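Peer 1: Questions regarding the structure given below will be posed in turn.
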Amino acid sequence: MIIVRYGEVGIKGGKRREFERKLRDNVLAALRRKGIEGRAKIIRGRILVDAPDEAARIIAKVPGVVSVSPAREMDYEEIPAYLKDALKGFNPKSFKVETQRLDKTFLKTSMEINREIGAFIVENFGWKVDLKNPELVVGIEIIAGKAYVFLEKLRGVGGLPVGTQGKVVVLLSGGIDSPVAAFLMLKRGAGVIAVHFDQGLNARNVVEKVVDILEDYSPEPIELIVENHFEILKPYVKALIEAGKGEWTCVVCKVAMLRRAAEIAREKGALGIVTGDSLGQVASQTLSNLYFETMSVRFPVHRPLLGMDKEEIVAIARRIGTYQAFLEYPYCDCPFRPDRVVTSGKLEEFQHVLEVLEREGLV
C-alpha cells in the first residue's frame, strides 16, 4: 500500500471532492502510462494506492502530491513483529517514531504510540532516540482503525492536479527556461500543449526529450507542435529591413511566435500562452520589450519565471531533470539577428513598427 499525501487540494472548500477525485485519477493514469495497474481510495487528507512499492517514485511526480510513502497495512498489535523483521539491515546512530492519528477514535494517542514503539525498538535494537535529527524515522499513520507503517517519505511536487485549471500553450525550446515554465504550469494544475519553433540542427530531438521528461509530471501525453522558425519569421524580417527598422528584429521575432501560439491556443481551446521569459535576461525580455510583445498579441501571456534569477531557474531544471537535456541543445545562430538590437525602445517607435507590419498584413 502507498500513502499519498496532499496539501493545497485539501483546502479547496466546495471544490475539495472534485480536486481529490482528479488527483486520484491522475495518480492512476500516471501509473498506467508506466505499465502499472493500481487501485486507489480517498481517505480525508490521504489517497491510499494499492500498487507495488516502486510506484511511489512515479506518484511523487504527480502535481498535487505533497509526499508519498510505501507502507504496510496491519493491526496495531502487529507492529512490533513487523518492525523486528523490517528493521534488520538498518544500523542508524539514532531514530525516532513519528505517528499521525488520522482516525481520532483510535484509543491510543500519537504520543503513546511513539513511546510504546520507540521503547520496543530501543529494547530490541539498542538504537538511540533523537527527536530532532534522527538518521531513521519510523512512520506510523492510523487510518480507519488500521496502522500503516513506513520507513521512507518521498517529497512530492505539490501544487494542484493537472486538469483543474484548463490548458495553456507553452513556447518550448530545449533551453533551460521554458521547460521550467512548463513544469510550473503543470504544478499549478494547467494542462500543457508545447509549441516549438525549430531552428534545425539537433534542436527538435532535444525538445522531444524535454517533452518526454515533462510527461512524468503530466497524467496525459503532452502534444508537441513543431513550427519552422525561419519560415514564420522571414516575412517579418523582410518588412523590417525594407522599412529600415532591422534593430527591432528580436522583439518582432517574439511577436511572431506569440501570434502563432495564439492561433494555436484558439484552435485548441487553451486559455493562455506561457513563455520562459525572465526579466532582463536577454534583449527581448526587458520590461519595455515584454510590454511591446504582449500588447501585440491580444491574448493572455503568462510568464511564471519573470521574477526568478538564473540560479533559481537552473535549480528547478536540475530537480525536474530537464537540465541534462539542455546540455545537448545545439547553439542556433539566427541568421536574422541584427548587429544592433533594441533593449529599451520608445512606445512611439514600436507603434511605427506595428504600422509597418500592419501594412504587410502581419499583425
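Residues in the sequence shown are numbered consecutively from 1, following the UniProt record's numbering.
Just so it is clear, CB atoms sit at the ideal spot from N, CA and C, and this is done for glycine as well.
Computed from a predicted model, the values in this text were never measured in an experiment.
1. With DSSP as the reference, please indicate the residues paired to S69 in a beta bridge.
2. Would you mind stating whether residue 364 and F350 have Cβ atoms separated by less than 8 Å?
3. Tell me, which residues are paired with N228 by DSSP?
4. Kindly confirm or deny that the segment 283-299 and the segment 220-231 touch, where touching means at least three C-beta pairs closer than 8 Å.
5. Please classify I117 as buried or exposed, where buried requires at least 16 other C-beta atoms within 10 Å of its C-beta.
6. DSSP three-state label for S344, please.
7. If I measure Cβ to Cβ from F90 and keep anything under 7 Å in the same chain, skipping five residues before and after, which residues do I get?
8. Take R72 and list the residues in its own chain whose beta-carbon comes closer than 8 Å to its own, dropping the five residues that flank it on each side.
9. Among residues of its own chain, excluding the 5 on either side of G174, which ones have a beta-carbon nearer than 7 Å to its beta-carbon?
10. Inspect the beta-carbon positions of residue 372 and L306 and report whether they are closer than 8 Å.
11. Please state whether DSSP places I143 in a helix, a strand or coil.
12. How many Å lie between G158 and Y6 at the Cα?
13. Are the beta-carbon atoms of G276 and D212 separated by less than 8 Å?
14. Do L31 and I58 have their C-beta atoms within less than 8 Å of each other?
15. Out of curiosity, what's the CA-to-CA distance linking L233 and I313?
Peer 2: Result, derived from the coordinates:
1. I3
2. Summary: the structure shown does not reach residue 364, with the chain confined to residues 1 through 363, and so no result is reported for it.
3. D198
4. Segments in contact, no.
5. That one is buried.
6. coil
7. L136
8. M1, Y82, A86, Y148, V149 and F150
9. These residues qualify, in order along the chain: A203, V206, V207, V210, A325, F326 and Y329.
10. No information on residue 372 is available, as it lies outside the stretch 1 to 363 that the chain covers here.
11. The three-state reading of DSSP puts I143 in strand, counting E and B together.
12. Their Cα atoms are separated by approximately 7 Å.
13. no
14. Result yes, Cβ atoms of L31 and I58 sit closer than 8 Å.
15. 28 Å
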